[in-house]
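Chemist:
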Amino acid sequence: ETGVTQTPRHLVMGMTNKKSLKCEQHLGHNAMYWYKQSAKKPLELMFVYSLEERVENNSVPSRFSPECPNSSHLFLHLHTLQPEDSALYLCASSQKIGQSDYNEQFFGPGTRLTVL
Amino acid sequence: DQQVKQNSPSLSVQEGRISILNCDYTNSMFDYFLWYKKYPAEGPTFLISISSIKDKNEDGRFTVFLNKSAKHLSLHIVPSQPGDSAVYFCAATVSGSARQLTFGSGTQLTVLP
Chain W
1080 ETGVTQTPRH LVMGMTNKKS LKCEQHLGHN AMYWYKQSAK KPLELMFVYS LEERVENNSV
1140 PSRFSPECPN SSHLFLHLHT LQPEDSALYL CASSQKIGQS DYNEQFFGPG TRLTVL
Chain G
-7 DQQVKQNSPS LSVQEGRISI LNCDYTNSMF DYFLWYKKYP AEGPTFLISI SSIKDKNEDG
53 RFTVFLNKSA KHLSLHIVPS QPGDSAVYFC AATVSGSARQ LTFGSGTQLT VLP
């Protein structure tokens, strides 16, 4: 496997289900991200993980819970989602370069999530 | 309020001609800008970037221009090819800002053969 992989590619779940999205990067990067892309809207950053820190968008509801066990793997745990959470969820990774890290992020193919 | 705006949701261009995709931003703190291309069922792919210390960056058929006073950047593709048909996103960031990119909503480019 190369680049950034995401599983599953498609997920349909009910509002009472619990599921997890998985992301793995094979690029040796030290930062990983979750983005949400809703129809006709810009990509919205949800979470950033690096060795030193976790940064989250304060507008992300607590029904989304990230986990980053190591620098290569990132999970997004989902529980009691709402239909408006249906979207494309994209994972990305990048390499921090000193203090001035320019963000050439490499994206996975995304998970298309539908909440019924 | 969107800090990065792509006001044209779509653009059609004839093969061989120039494609010009535009992007405006409002945050004067942004100092690094990127363009990504996205095909259906794939994640965005990095295309080209520019730092605010430059006003132009070129890579093959792709050139990005930055006008800091107007808070405007554009991506030129010359000559356009059918394989360039995709959604193009511009993104901006403040260097050293915990790696947070702010994206525009994208422009669908269609290159007609």
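Keeping their order, the protein sequence lines are chains W and G. Counting in the numbering used here, the first sequence runs from 1080 upward without gaps. Counting in the numbering used here, the second sequence runs from -7 upward without gaps. Using N, Cα and C, we set each Cβ at its ideal position, and we do this for glycine too.
1) Under a Cβ-count criterion, where at least 16 other Cβ atoms within 10 Å of its own Cβ denotes burial, should glycine 1189 of chain W be classed as buried or exposed?
2) Measuring only from the beta carbon, is tyrosine 1114 of chain W closer than 7 Å to any heavy atom that is part of the ligand FMN?
3) Between glutamate 1163 of chain W and chain G, is any beta-carbon pair separated by less than 8 Å?
4) Apart from the five residues on each side of it in sequence, which residues of its chain come closer than 6 Å, Cβ to Cβ, to histidine 1156 of chain W?
5) Any C-beta of chain W within less than 9 Å: which residues of the region 29 to 41 of chain G qualify?
6) Grab me the residues of phenylalanine 25 of chain G's own chain with a C-beta within less than 6 Å of its C-beta, minus the 5 sequence neighbours each way, in chain order.
7) With DSSP collapsed to three states, give me the class of glutamate 1146 of chain W.
8) Beta-carbon of leucine 124 of chain G versus every beta-carbon of chain W: anything under 8 Å?
9) Against serine 66 of chain G, what residues of chain W qualify as contacts under a CB-to-CB distance less than 8 Å, listed in chain order?
10) Using a beta-carbon distance below 8 Å, is phenylalanine 81 of chain G in contact with chain W?
11) Let me check one thing: in DSSP terms, what residues is threonine 55 of chain G bridge-paired to?
12) Could you tell me whether the region 1154 to 1174 of chain W touches the region 54 to 69 of chain G, using the rule of 3 or more Cβ pairs below 8 Å?
13) Could you list which residues in chain G have their beta carbon closer than 8 Å to that of phenylalanine 1154 of chain W, in chain order?
14) Using a Cβ cut-off of 8 Å, pull out every chain G residue sitting near lysine 1120 of chain W, in sequence order please.
15) On a Cα-Cα basis, can you pick out the residue from W/Leu1153, W/His1105 and W/Lys1120 that is closest to methionine 1111 of chain W?
Modeler: In brief:
1) buried
2) Here there are no bound small molecules, and the ligand FMN is not part of this structure.
3) no
4) Ser1099 and Ser1144
5) Lys30, Ala33, Glu34, Gly35, Pro36, Thr37, Phe38 and Ser41
6) Ile42, Leu65 and Ala84
7) strand
8) This structure does not reach residue 124 of chain G, given that chain G is present from -7 up to 105, and the question cannot be answered.
9) Those within 8 Å of serine 66 of chain G in chain W number zero; the least Cβ separation is about 18 Å.
10) yes
11) G/Glu50 and G/His68
12) no
13) Neighbours of phenylalanine 1154 of chain W on chain G: none; closest Cβ ~17 Å, over 8 Å.
14) Ser97
15) W/Leu1153
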